[in-house]
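In my numbering, the protein residues as written are 7 to 862. Cβ atoms here follow ideal geometry from the backbone N, Cα and C, with glycine treated the same way.
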Ligand SMILES: [Zn+2]
């Protein structure tokens, strides 16, 4: 990634100097269908003003070659002004026109203009992905969020293709192969977008009457590869889309500003989705090729609503620089769950939020790389790594807590004012705080200091004393902070008291809300209450904290966790127990035992699937000598639950997948084989193609699926998705030569696309292959600096995170990581960050193993 960085200081200086009036961008991608052609023509005209005539600046462009550069009619010699990443400009006039004619490269790493050739039918698909700064791989521009401008795109493409961009195509566009698009509203470069190819497209329309009596009509489109068309459930996608648009028009008081609303599901996508105005892109795995659980539908709906939120919060009003990335991501993450619950059939959105999103935040907030929600982003490499659990999930948790603090109406009214005041502009944190202060009447400075400007997570524990009659004499909430981040914060919490109800369930019989501050806060309202069997601080999940229990409550959970009637309270208890396990305060085998006893009765499918994941991680947290026994117990338990689950239910499917993941005994593997070849069946369980691959991947990792069997499966499912599964299965086989091949394919070659790099790594890195992977620990530390220097940042991140020797879970590996960090103090901070995070996860696993060993 040489020379591609851009610093905040450079961006500030350029924004001080320039104002951009508009871009005309003409792309010619007819070469895309010829695999030997690596580049396409890109001609950009930029009209911009300069406040200091005579000054110098630069325009960003990452391209193999530039044919011509003309500034205000003056021809600049490309070799003299273009260094591969920037074009130097000097002698600027007050008003300028720059024309850059370049050859840009098709991408196979998902960054810039990605080209994908579908192995099923040979069709070629293109789409763009830019955030934070990859538009410059497609056309010359001033790549920073605060130099907004209208963009007019035209694209010349193979004639039968469909070409889409942020704006609608001009009438008669596409005839002769050139598609012209209406000028966009003023937007930032990173949210401009193109999709081109023989996409399958379905149309619909959203309309509603606005307060002034006029009718707003938004044309809707949904598109995917032709090969996925038969699985494309556009009715469901459009339903959620319309419910979201209804909600935002009801509450934002600012009509959708970008005309049409297309949603493209694209192949080999690096992230979940991207909020390009008028042309949102999603990873195509959100189109389900086989049966999935309700949790997957809920998750997709959440993403649709998250991206839609960005149309206002992010696209219409945009952060000035990546320091305030959280402004848009926290807000969108919060609204994703909020609108899910308020406006769609997915009413359990807050349970998922408490259970999954917060787990992401808690993990990120305890890493050495944790940072305040408002981060210090010096340059683009910092920015790239800041799409993390703090920016999204902690930020959203903090906003949820803010809503509890200022009230929902003040919060939404703040948003409305913010949109009106800053439409098409750029903002910083203070702009949001000032509207919230206006609408809530509360002092936001202290709140912001405690929650946004400091890092770390507090834990809240109950402390209770009883009187002579056995009633509560005093109940306090005790707040603690980690030594590394000692800040104690103000928390709005609900404390719930639970005991056995008439039917035997654990039910809440008393509740109090309190403002917790400092190390100890007495909850006076609960004095005199009947004695509880379980005390749940942060009931209802109002604040962001790790929940701890008193001994009596913990004993209750050990015996009767599954008896908690309320699904949110139950999810919070599971989450708290998982945090205890991660912190080495509860032996991993005990957590596995809880999953075995109580997961079978878990009604919330999203929580159940989290428990499955956590149980697998718990095996890595277990003492090595117990691991096999624990794995066997999980497999037996999974099979029991699979056989007793309701036929055809999501729970049955989840247990089937979990069983496949933990199966290892000869009889378990035999059952997987029989399910695959149809000689065994489980009532109601449809072994569709996706489930077939899941079963096969487990067999492959156990050495029970030779190459011929894997090839036969690919022949059965000869599609792009099938190809990814096949690559994963091949790399999962337990043989030294397979591992060596996979390593070379990923680390020593640049031939694989991003999706196949990901598939190879996930196949390679198996918990059951600790011995086979041992030689790769030293190779990893020897290779990563070169990998980081030579490969694109997406691929660099995939390799540095994915190949870290996490299954060499010994002190020597932690020492090796420390050794590398000490010897590479000058390595790029982003690379050091990834290594130190992986090192921290490993050290945590070793601590948990010691806790577990002590219990064994
Ligand atoms: Zn987002």
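How would you call residue 762, buried or exposed, if buried means at least 16 neighbouring beta carbons within 10 angstroms?
As a working note, residue 762 is residue 756 in the chain shown. Under this definition residue 762 is a buried residue.
Taking C-alpha atoms, which residue in 65, 426, 197 lies nearest to residue 84?
Here the question's residue 84 lines up with position 78 in the chain shown. For residue 84, the nearest C-alpha among the options comes from 65.
Look at the Cβ atom of residue 640, then the Cβ atom of residue 613, and state whether they are nearer than 7 angstroms.
Looking up residue 640 in the chain shown gives position 634. Looking up residue 613 in the chain shown gives position 607. Result no, Cβ atoms of residue 640 and residue 613 do not sit closer than 7 angstroms.
Taking Cβ to Cβ, would you say residue 737 is nearer than 7 angstroms to residue 766?
Sequence index remark: in the chain shown, residue 737 carries index 731 (1-based). Sequence index remark: in the chain shown, residue 766 carries index 760 (1-based). In contact: residue 737 and residue 766 (Cβ atoms closer than 7 angstroms).
Nearest by alpha-carbon distance to residue 326: which of 486, 138, 675 is it?
Residue numbering aside, residue 326 sits at position 320 when the chain shown is read from its first letter. Comparing Cα positions, the closest option is 138.
Taking DSSP as the reference, what is the three-state secondary structure of residue 225?
As a position in the chain shown, residue 225 is number 219, starting the count at 1. Correct three-state label for residue 225: strand.
So what's residue 693 in DSSP terms, helix, strand or just coil?
Stepping through the chain shown from its first residue, residue 693 is reached at position 687. Residue 693: coil per DSSP, three-state reduction.
Would residue 632 and residue 862 qualify as a contact pair, given that the criterion is a beta-carbon distance under 7 angstroms?
By 1-based counting over the chain shown, the position of residue 632 is 626. By 1-based counting over the chain shown, the position of residue 862 is 856. Yes; because the gap between Cβ atoms is below 7 angstroms, this pair is in contact.
Whether or not the stretch 501-510 and the stretch 430-445 are in contact is what I'm after, with contact meaning three or more pairs of Cβ atoms, one per stretch, closer than 8 angstroms; do they touch?
no
Run through the stretch 636-696 for me and flag every whole alpha helix (DSSP H) of 4 or more residues, listed as ranges in chain order.
656-668, 672-683
Keeping to the same chain, check which residues put their C-beta closer than 6 angstroms to that of residue 460; ignore five residues upstream and five downstream.
For the purposes of this step, residue 460 is identified with residue 454 of the chain shown, where counting begins at 1. Contacts found: 378, 493.
Using alpha carbons as the reference points, say which of 557, 545, 526, 533 lies closest to residue 539.
Taking the chain shown and counting its residues from 1, one reaches residue 539 at position 533. It is 557.
Starting from the Cα of residue 389, find the closest Cα among 828, 10, 848, 616 and give me that residue.
On the chain shown, position 383 is the one that residue 389 refers to. Residue 10 is the option with its Cα nearest to residue 389.
Can you give me the Cβ contacts of residue 467 inside the same chain, cut-off strictly under 6 angstroms, excluding the 5 residues immediately before and after it?
If you number the chain shown from 1, residue 467 lands on position 461. Cβ within range, chain order: 484, 554.
Take residue 274 as the anchor and find which of 764, 852, 790, 27 has the nearest alpha-carbon.
Taking the first residue of the chain shown as position 1, residue 274 is located at position 268. Minimum Cα distance to residue 274 is reached at 764.
Closer than 6 angstroms to a non-hydrogen atom of ligand 1 - does that hold for the CB of residue 338?
Looking up residue 338 in the chain shown gives position 332. At least one heavy atom of ligand 1 is nearer than 6 angstroms to the Cβ of residue 338, so yes.
So for residue 468, helix, strand or coil by DSSP?
In the chain shown, residue 468 corresponds to position 462, counting from 1. In the structure shown, residue 468 sits in a strand (DSSP, three-state: E or B).
Just how far apart, CA to CA, sit residue 293 and residue 489?
The count along the chain shown starts at 1 and reaches residue 293 at position 287. The count along the chain shown starts at 1 and reaches residue 489 at position 483. The C-alpha of residue 489 is placed about 45 angstroms away from the C-alpha of residue 293.
In angstroms, rounded to a whole number, what distance separates the CA positions of residue 51 and residue 148?
Here residue 51 corresponds to residue number 45 of the chain shown, with the count starting at 1. Here residue 148 corresponds to residue number 142 of the chain shown, with the count starting at 1. Rounded to whole angstroms, residue 51 to residue 148 spans 12 angstroms at the Cα level.
Within the present structure, is the beta-carbon of residue 137 separated from the nearest heavy atom of ligand 1 by less than 6 angstroms?
Residue 137 sits at position 131 when you count from the first residue of the chain shown. Flag unset: Cβ of residue 137 not near ligand 1.
Determine the extent of the beta strand (DSSP E) in which residue 108 is found, giving its start and end residues.
To locate residue 108, count along the chain shown from 1; it is residue 102. It spans 101-111 - the beta strand (DSSP E) in which residue 108 sits, taken as one unbroken run.
So if DSSP puts residue 570 in a beta bridge, which residue, or which two residues, is it bridged to?
For this step, residue 570 is matched to residue 564 along the chain shown. In the DSSP output, where bridge partners are listed per residue, residue 570 has 512.
If we call anything under 7 angstroms between Cβ atoms a contact, is residue 417 one with residue 409?
Taking the chain shown and counting its residues from 1, one reaches residue 417 at position 411. Taking the chain shown and counting its residues from 1, one reaches residue 409 at position 403. Result yes, Cβ atoms of residue 417 and residue 409 sit closer than 7 angstroms.
In chain order, what residues of the same chain have a beta carbon less than 7 angstroms from the beta carbon of residue 885, not counting five sequence neighbours either side?
In the structure as shown, the chain begins at 7 and stops at 862. Residue 885 is therefore absent and cannot be evaluated.
Taking the DSSP output, what are the residues bridged to residue 430?
Here residue 430 corresponds to residue number 424 of the chain shown, with the count starting at 1. Under DSSP, residue 430 forms no beta bridge with any residue.
Rounded to whole angstroms, what is the Cα-Cα separation between residue 73 and residue 111?
What you label residue 73 is simply residue 67 of the chain shown in a count that begins at 1. What you label residue 111 is simply residue 105 of the chain shown in a count that begins at 1. Spanning the two alpha carbons is a distance of roughly 14 angstroms.
Is it buried or exposed, residue 349, if we count other Cβ atoms within 10 angstroms and call 16 or more buried?
Residue 349 sits at position 343 when you count from the first residue of the chain shown. Classification of residue 349: buried, given that the 10 Å Cβ count is 16 or more.
Decide if residue 472 is buried, meaning its Cβ has at least 16 other Cβ atoms within 10 Å, or exposed.
What you label residue 472 is simply residue 466 of the chain shown in a count that begins at 1. Classification of residue 472: exposed, given that the 10 Å Cβ count is below 16.
List the endpoints of the continuous alpha helix (DSSP H) containing residue 71.
Taking the chain shown and counting its residues from 1, one reaches residue 71 at position 65. Run containing residue 71: none in the alpha helix (DSSP H); it sits in the beta strand (DSSP E), 71-77.
What residues in its chain sit with their C-beta under 7 angstroms from that of residue 63, if we drop five residues either side in the sequence?
Locating residue 63 in the chain shown gives position 57, counting from the first residue. These residues qualify, in order along the chain: 20, 23, 24, 95, 98.
Quick one: grab the DSSP three-state call for residue 845.
The residue given as residue 845 occupies position 839 in the chain shown. Residue 845 falls in the helix class under three-state DSSP.
Tell me the DSSP secondary structure of residue 755 in three-state form.
The count along the chain shown starts at 1 and reaches residue 755 at position 749. The answer is coil: DSSP assigns residue 755 none of H, G, I, E or B.
How about residue 335: is its Cβ closer than 6 angstroms to a heavy atom in ligand 1?
In the chain shown, the residue the question calls residue 335 occupies position 329. Yes, Cβ of residue 335 sits closer than 6 angstroms to a heavy atom of ligand 1.
Please state whether the Cβ-Cβ distance between residue 697 and residue 296 is less than 7 angstroms.
Working through the chain shown from its first residue, we reach residue 697 at position 691. Working through the chain shown from its first residue, we reach residue 296 at position 290. Against a cut-off of 7 angstroms, the Cβ pair of residue 296 and residue 697 comes out as a contact.
Just reading off the alpha helix (DSSP H) that residue 308 is part of, what are its end residues?
Working through the chain shown from its first residue, we reach residue 308 at position 302. Here the alpha helix (DSSP H) through residue 308 covers 300-318.
If you measure between the beta carbons of residue 117 and residue 741, is that distance less than 7 angstroms?
Here residue 117 corresponds to residue number 111 of the chain shown, with the count starting at 1. Here residue 741 corresponds to residue number 735 of the chain shown, with the count starting at 1. In this structure, residue 741 does not lie closer than 7 angstroms to residue 117 by Cβ.
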